[in-house]
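First comes the structure, then the notes that go with it.
Residue numbers (UniProt numbering): 1 to 121.
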């Protein structure tokens, strides 16, 4: 299969269209958006509570570990769905490969349990 530079034209057109849409949307919203500023509008609002203190307070790393684990197991489900749909066509080879995939994920989960990454104090 031969390819040439003309095959890239649809991709470049789509990138140009997306960038143009973003640019036009930003410019038009600047012109059409409301411009009335008031003291009440400029006040920070978060759940009805006045903010206090520094916004750059460090978070506990465990929050990020839980978030990463959540993403990891979401990706696991994303990979398992097509496998389950094509289970009969993949046969024993597909079952073997999914077994390896699940084994590696379980090893990662056991490592997290060992490091106590899911326990909050």
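Think of the CB as a built atom: it goes at the ideal place given N, C-alpha and C, for glycine as much as any other residue.
Coarse secondary structure for residue 37, derived from DSSP in three states: coil
Chain D within 8 angstroms of residue 16, Cβ atoms only: Here chain D cannot be found, since the structure has a single protein chain.
Extent of the continuous alpha helix (DSSP H) run through residue 14: 9-32
DSSP state of residue 56 mapped onto helix, strand, coil: coil
Three-state secondary structure (DSSP) of residue 119: coil
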